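Just so you know, the sequences run in chain order A and B. For the record, in the first sequence the residue sitting at position 52 is 52 according to the numbering used here, with numbers rising by one throughout. For the record, in the second sequence the residue sitting at position 58 is 58 according to the numbering used here, with numbers rising by one throughout. Note sheet for the following structure.
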Amino acid sequence: GQQLNQSPQSMFIQEGEDVSMNCTSSSIFNTWLWYKQDPGEGPVLLIALYKAGELTSNGRLTAQFGITRKDSFLNISASIPSDVGIYFCAGQPPHTSGTYKYIFGTGTRLKVLA
Amino acid sequence: NAGVMQNPRHLVRRRGQEARLRCSPMKGHSHVYWYRQLPEEGLKFMVYLQKENIIDESGMPKERFSAEFPKEGPSILRIQQVVRGDSAAYFCASSGGQQETQYFGPGTRLLVL
Numbered sequence: 001g002q003q004l005n006q007s008p009q010s011m012f013i014q015e016g017e018d019v020s021m022n023c024t025s026s027s028i029f030n031t032w033l034w035y036k037q038d039p040g041e042g043p044v045l046l047i048a049l050y051k052a053g054e055l056t057s058n059g060r061l062t063a064q065f066g067i068t069r070k071d072s073f074l075n076i077s078a079s080i081p082s083d084v085g086i087y088f089c090a091g092q093p094p095h096t097s098g099t100y101k102y103i104f105g106t107g108t109r110l111k112v113l114a
Numbered sequence: 001n002a003g004v005m006q007n008p009r010h011l012v013r014r015r016g017q018e019a020r021l022r023c024s025p026m027k028g029h030s031h032v033y034w035y036r037q038l039p040e041e042g043l044k045f046m047v048y049l050q051k052e053n054i055i056d057e058s059g060m061p062k063e064r065f066s067a068e069f070p071k072e073g074p075s076i077l078r079i080q081q082v083v084r085g086d087s088a089a090y091f092c093a094s095s096g097g098q099q100e101t102q103y104f105g106p107g108t109r110l111l112v113l
């Protein structure tokens, strides 16, 4: 089945540092999405990417849809304490696989040291 | 703010009891999805419903689990005769269309004793 490998699994960084995480797969996806999940809450959509090569920003966050359609990365610039949480990538499979069946990565746990 | 609502937020059940989880989609959304999240893992698709129809339940265990989305009222995920392995966070998401972005609720955390 389709799987997403997300790395790193966890990271501790100092406030003000930039953060980079990525998601890779052996399968292609039509859409890549990045979510953030705070403890005890549901995932909140950060960025959605719809085309191979697309680079999209949302404030201090920047994400790119890989050219091969098999990967994506998320960068956070100048991290702040409220960036702490779990970041999930999710891929939306091609039509024949059921576009509604988001496939989630296992998450990157980010901790920011003040 | 008419986001996706789920209740209860926390549910404790003893083995063998039934668990009923409710989800009210975002206003204007008629597509509902249920996911399960085990600790330290990502979300796993369970079932996709539209009003009065189950579109895809390929991620649902074959036994004890059922889902519905009636014409009126919230979507219900029902787990009969719960076992300890059912302990997890269950998230509902909704969208305005099958290929549109899914928005998640806060989840129901089920603990089976």
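In this text, a Cβ means the ideal position worked out from N, Cα and C, and glycines have one as well. Here the structure is a predicted model, which means the values were calculated and not measured.
Among the options, nearest to residue i - alpha-carbon criterion
i                 : options                            : result
Ser20 of chain A  : A:Arg60, A:Glu41, A:Gly91          : A:Arg60
Gly85 of chain B  : B:Met5, B:Val47, B:Gln99, B:Leu110 : B:Leu110
Trp34 of chain A  : A:Ser57, A:Thr24, A:Phe88, A:Gly66 : A:Phe88
Gly85 of chain A  : A:Arg109, A:Gly53, A:Ser25         : A:Arg109
Pro81 of chain A  : A:Gln6, A:Glu17, A:Ser7            : A:Glu17
Ser24 of chain B  : B:Lys44, B:Met60, B:Phe69          : B:Phe69
Thr31 of chain A  : A:Leu55, A:Gln14, A:Leu113         : A:Leu55
Leu113 of chain B : B:Gly42, B:Tyr48, B:Glu18, B:Gly73 : B:Glu18
Val82 of chain B  : B:Pro61, B:Gln99, B:Lys71, B:Glu72 : B:Pro61
Asn22 of chain A  : A:Leu113, A:Gly105, A:Val112       : A:Gly105
Ser26 of chain A  : A:Gln6, A:Leu113, A:Gly53          : A:Gln6
Thr24 of chain A  : A:Asn58, A:Asp83, A:Gln64, A:Gly40 : A:Gln64
Ile76 of chain B  : B:Glu40, B:Tyr48, B:Gly3, B:Pro39  : B:Tyr48
Phe29 of chain A  : A:Gly40, A:Phe73, A:Tyr50, A:Pro39 : A:Tyr50
Gln102 of chain B : B:Phe45, B:Glu72, B:Pro39, B:Asn7  : B:Phe45
Status (buried if at least 16 other CB within 10 Å, exposed otherwise) for residue i
i                 : result
Val44 of chain A  : exposed
Tyr100 of chain A : buried
Gln12 of chain A  : Reading the sequence as shown, one finds Phe at residue 12 of chain A and not Gln. Answer is exposed; the Cβ neighbour count stays below 16.
Ile67 of chain A  : exposed
Leu21 of chain B  : buried
Asp71 of chain A  : buried
His95 of chain A  : exposed
Ala67 of chain B  : buried
Ser58 of chain B  : exposed
His10 of chain B  : exposed
Extent of the continuous beta strand (DSSP E) run through residue i
i                 : result
Met11 of chain A  : 10–14
Tyr33 of chain B  : 31–37
His10 of chain B  : 10–13
Ser68 of chain B  : Residue identity check: residue 68 of chain B is Glu in the sequence provided, not Ser. Where Glu68 of chain B is concerned, the enclosing beta strand (DSSP E) stretches over 65–68.
Gln50 of chain B  : 43–50
Arg109 of chain B : 108–112
Lys36 of chain A  : 31–37
Tyr87 of chain A  : 85–92
Ile76 of chain A  : 71–76
Asp56 of chain B  : 53–56
Ile76 of chain B  : 75–79
Ile80 of chain A  : Taken as a continuous stretch (DSSP letters only), Ile80 of chain A belongs to no beta strand (DSSP E), as it is neither H nor E.
Ala19 of chain B  : 19–24
Gln6 of chain B   : 5–7
Lys111 of chain A : 108–113
Tyr90 of chain B  : 88–95
Leu4 of chain A   : Element bounds for Leu4 of chain A: n/a, residue is neither H nor E.
Residues that residue i contacts on chain B, provided the C-beta gap is smaller than 9 Å
i                : result
Tyr50 of chain A : Per Cβ cutoff of 9 Å: no residues; Tyr50 of chain A is ~10 Å from chain B at best.
Leu45 of chain A : Thr101, Gln102, Tyr103, Phe104
Amino acids of chain A, ordered along the chain, whose beta-carbon sits closer than 9 Å to that of residue i
i                : result
Glu41 of chain B : Phe104, Thr106, Gly107
Cross-chain neighbours of residue i in chain A, by beta carbon under 7 Å
i                : result
Tyr48 of chain B : Tyr100
Phe45 of chain B : Lys101, Tyr102
Neighbour list for residue i in chain B, Cβ cutoff strictly below 7 Å
i                : result
Gly91 of chain A : By Cβ distance, chain B contributes nothing, its closest Cβ being about 11 Å from Gly91 of chain A, past 7 Å.
Gly42 of chain A : Phe91, Phe104, Gly105, Pro106, Gly107
Phe88 of chain A : Gly42
Is the stretch 33–45 of chain B touching the stretch 5–14 of chain B in the sense that three or more CB pairs, one from each, lie closer than 8 Å? no
Quick test of the definition: if touching needs 3 or more C-beta pairs under 8 Å, does the stretch 86–95 of chain B touch the stretch 49–56 of chain B? With a cut-off of 8 Å, the stretch 49–56 of chain B and the stretch 86–95 of chain B do not count as touching, because too few Cβ pairs lie within range.
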